[in-house]
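Undergrad: If you scroll down you'll find the structure; I have some questions about it.
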């Protein structure tokens, strides 16, 4: 689809449900609420839906949002590569061919929608929307700018990671001229930590183990340790970047217990290693620097397999 | 001075000493080594000078740098608002009228040089140089791009803080297209921590005290505590942002002992408070969200004065 075709699609339809992915992040919510505000500004009806609800963290996107009452006619998915990411709380949308239009930036997109606009080279779904709205020509509101900026900033680690394109910076140059507090948003997204979060980070830092001449840092979080340390499990969300933040570490691994004998691995690597390839051997996948997989077995088994896989990377020998 | 006049200045002079400020950061070094490479590419002779030497952290700027042998004819200061910031190890350059040209982005610039280009609205000295080089038209090398990018990124907290201008993003959009690893640089600048640094951060987190309904977080580091905790004092550099990173905190204060009865305050505030005004009452100053001052007295005295000043902000009453 071209941007002009998406523009015609918006003109021709009404009463939109906009799907965002489960465990929502800044990009899917920014794209969802940005597109919702854009469609409402066009005089259309639109709601945003998420299987897990809308977290407080992004409240500025939906502080003034109220759900509209209408009969759904059209379904758009934003930032959702695969229908399974819609979330099992919304089975009615996971049916093949149910989604009318998907706008996404994941190269792994499954093309499950009737029509798709996928740009795997784009830093964020919100960046695609920014460029779409710019081409369509209708002015965007401060709220839309705030939503799109948040998605671009969060998906690029505030323009830090290698997925930051010149286009991402060009979009930011325009968006920060709108009247919303981008510095306030960035502080909220990247700097502020609750005391519980600080405790969780300290717990990770204290309990990380180092292997392979300190080139691998690993933290294993069992249900029991997470319960016994007195920190809310939610505070351990997104701590996967901590092991890689130690100087000299080339691969950072977080092992989190999901069920009795099921462990979720989150792998982060420097430019020297391919996290996606690492996880693929355990049936997982993801991006080149950030990937994940699930391994079944006891923690002891899992750690043994993971350490063997790390050793096979050839990091451990002295340089 | 206009950019065209600076261009003529570069044409007309040779044998440059480029001064960077003491306790060097990414912006002064990026501007210094970026300008040095630019002048050398023009066929001029140029060296960069710093009172404290060049830290490992920014090694990629000077990995291939060798000092040139020449008789100094012209002195340029970059990112130096006040001659005292040149540093007492270089008294020969602190003499009034000694510096020929100053390029700076501090609104507090003292106009101590014979000629000055000061743009207080610019995010970084490196951003001024980027715009200067662009106007002058001579192509810049990958090394120059890496230096300028680093200065812009470090002075804006990787495009996070409110001093990030559209121009900073536009410059980044161009600079990241050069052949240098901006993601590698960002990881080095913003993510990687030594184990010593992690220990220092943990020490700060463990020992912070909260006042005024947790709206003020304060850490006091005496020479004795810094020595007894077994962490290198250098690891405590730049930890002033930690107190403000706690959710709900509006003013974060770091008190560090300088001498027996001299304490250095570093103050960081949210958009609700003026750090510069806070420090002014103790004879200091700085930026609106990041400022500093020195207070003489015992730690007890100093803490008492600081807490009184915090209480005077009117934060402490219940909302």
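Protein chains in written order, with this note's numbering: chain A, 1 to 319; chain B, 320 to 638. We put the beta carbon where it would ideally sit given N, CA and C, even for glycine. What you are looking at is a predicted structure, and each value in this text was computed from that prediction instead of being measured.
1) If I follow the unbroken alpha helix (DSSP H) through residue 511 of chain B, where does it start and stop?
2) What residues in the segment 558-584 of chain B bring their beta carbon closer than 9 Å to a beta carbon of chain A?
3) Between residue 459 of chain B and residue 357 of chain B, how many whole angstroms is the CB-CB distance? I'm expecting something under 8 Å.
4) Helix, strand or coil: which one does DSSP assign to residue 584 of chain B?
5) Measure the alpha-carbon distance for residue 311 of chain A versus residue 236 of chain A and round it to whole angstroms.
6) If you count every other CB in all the chains shown that lies within 10 Å of the CB of residue 575 of chain B, and 16 or more means buried, which is it?
7) Is the beta carbon of residue 1 of chain A within less than 8 Å of some heavy atom of the ligand COA?
8) Would you list the residues sitting across from residue 505 of chain B in a DSSP beta bridge?
9) Could you list the residues in the segment 507-540 of chain B with a C-beta less than 7 Å from some C-beta on chain A, going in chain order?
10) Taking DSSP as the reference, what is the three-state secondary structure of residue 134 of chain A?
11) Taking 9 Å as the CB-CB cut-off, is residue 124 of chain A touching chain B?
12) Considering only the beta carbon of each residue, do residue 572 of chain B and residue 584 of chain B sit closer than 9 Å?
13) I want to know whether the segment 498-515 of chain B touches the segment 183-203 of chain A - three or more CB-CB distances under 8 Å.
14) If the cut is a Cβ gap below 7 Å, which residues of chain A does residue 503 of chain B touch?
15) Helix, strand or coil for residue 27 of chain A per DSSP?
16) Output needed for residue 384 of chain B: all residues of its chain with C-beta closer than 8 Å, excluding positions within five of it in sequence on either side, in chain order.
17) Where residue 452 of chain B and residue 467 of chain B are concerned, what is the direct C-alpha to C-alpha distance, given to the nearest angstrom?
18) Would you grab the beta carbon distance between residue 297 of chain A and residue 261 of chain A for me? Rounded to a whole angstrom, and I think it's under 8 Å.
19) Whose Cβ in chain B lies nearer than 8 Å to the Cβ of residue 170 of chain A?
20) Relative to the C-alpha of residue 391 of chain B, which residue among B:398, B:411, B:404 is closest?
21) Spell out whether any CB of chain B is found under 9 Å from the CB atom of residue 62 of chain A.
22) Going by C-alpha distance, which of A:30, A:307, A:1, A:232 is nearest residue 154 of chain A?
23) Between residue 147 of chain A and chain B, is any beta-carbon pair separated by less than 9 Å?
24) DSSP on residue 363 of chain B, reduced to helix/strand/coil?
25) Should residue 436 of chain B be labelled buried (16 or more other beta-carbon atoms within 10 Å of its own) or exposed?
26) Rounded to a whole number of angstroms, what is the C-alpha to C-alpha distance between residue 82 of chain A and residue 17 of chain A?
27) Taking all protein chains shown into account, decide if residue 112 of chain A is buried (16 or more other Cβ within 10 angstroms of its Cβ) or exposed.
28) Three-state secondary structure (DSSP) at residue 302 of chain A?
29) Grab me the residues of residue 365 of chain B's own chain with a C-beta within less than 8 Å of its C-beta, minus the 5 sequence neighbours each way, in chain order.
30) At the level of alpha carbons, what is the spacing between residue 582 of chain B and residue 601 of chain B?
31) Write down the C-beta distance between residue 441 of chain B and residue 447 of chain B rounded to the nearest angstrom, noting that I regard them as a contact closer than 8 Å.
32) Return yes when the Cβ of residue 217 of chain A is within less than 9 Å of the Cβ of residue 209 of chain A, no when it is not.
33) Under a Cβ-count criterion, where at least 16 other Cβ atoms within 10 Å of its own Cβ denotes burial, should residue 327 of chain B be classed as buried or exposed?
34) Under 8 Å Cβ to Cβ from residue 550 of chain B, same chain only, skipping five residues before and after it: list those, please.
35) What's the gap between the Cα of residue 180 of chain A and the Cα of residue 145 of chain A?
36) Which two residues bound the contiguous alpha helix (DSSP H) that contains residue 116 of chain A?
TA: On the basis of the data shown:
1) Segment: none, residue 511 of chain B is in no alpha helix (DSSP H) and carries neither H nor E.
2) So the list reads 560, 563, 564, 565, 566, 567, 568, given in the order they occur along the chain.
3) With 8 Å as the limit, residue 459 of chain B and residue 357 of chain B qualify as a contact, their Cβ atoms being about 7 Å apart.
4) Residue 584 of chain B: strand per DSSP, three-state reduction.
5) Looking at the backbone, the Cα of residue 311 of chain A and that of residue 236 of chain A are separated by about 27 Å.
6) Classification for residue 575 of chain B: buried.
7) In the structure on display, the ligand COA does not appear, and there are no ligands present to speak of.
8) Bridge partners of residue 505 of chain B: none, in fact.
9) Listed in chain order, the positions of the segment 507-540 of chain B with a beta carbon within less than 7 Å of a beta carbon of chain A are 509, 510, 511, 512, 513, 514, 517, 521, 524.
10) Looking at residue 134 of chain A - three-state DSSP - the assignment turns out to be helix.
11) It does not: the Cβ of residue 124 of chain A has no partner Cβ on chain B nearer than 9 Å.
12) The Cβ atoms of residue 572 of chain B and residue 584 of chain B lie closer than 9 Å to each other.
13) No, because fewer than three Cβ pairs between the segment 498-515 of chain B and the segment 183-203 of chain A fall closer than 8 Å, the two stretches do not touch.
14) Under the 7 Å cutoff, chain A gives 271.
15) Reduced to three states, the DSSP call for residue 27 of chain A is helix.
16) 352, 355, 367, listed in sequence order.
17) Between the C-alpha atoms of residue 452 of chain B and residue 467 of chain B there is a straight-line separation of about 11 Å.
18) Contact flag correct, Cβ pair sits at about 6 Å.
19) Within 8 Å Cβ-Cβ: 488, 489, 492.
20) Minimum Cα distance to residue 391 of chain B is reached at B:411.
21) Answer no: the Cβ-Cβ gap between residue 62 of chain A and chain B never drops below 9 Å.
22) Of the listed residues, the one whose Cα sits closest to residue 154 of chain A is A:30.
23) At a cut-off of 9 Å between beta-carbon atoms, residue 147 of chain A makes no contact with chain B.
24) Here residue 363 of chain B sits in coil by DSSP.
25) Counting Cβ neighbours within 10 Å, residue 436 of chain B comes out buried, since at least 16 surround it.
26) Going by the C-alpha atoms only, they are around 17 Å apart.
27) Buried, by the Cβ-count rule.
28) Helix at residue 302 of chain A.
29) Around residue 365 of chain B: 334, 335, 336, 337, 354, 355, 358, 359, 387.
30) Separation of residue 582 of chain B and residue 601 of chain B (C-alpha to C-alpha, rounded to the nearest whole angstrom) is 11 Å.
31) Contact between residue 441 of chain B and residue 447 of chain B holds, with the beta-carbon distance rounding to 5 Å and staying under 8 Å.
32) Contact: yes.
33) Result: exposed.
34) Around residue 550 of chain B: 515, 518, 519, 522.
35) A straight line joining the alpha-carbon of residue 180 of chain A with that of residue 145 of chain A spans about 8 Å.
36) Note, residue 116 of chain A: premise wrong, no alpha helix (DSSP H); beta strand (DSSP E) at 115-118.
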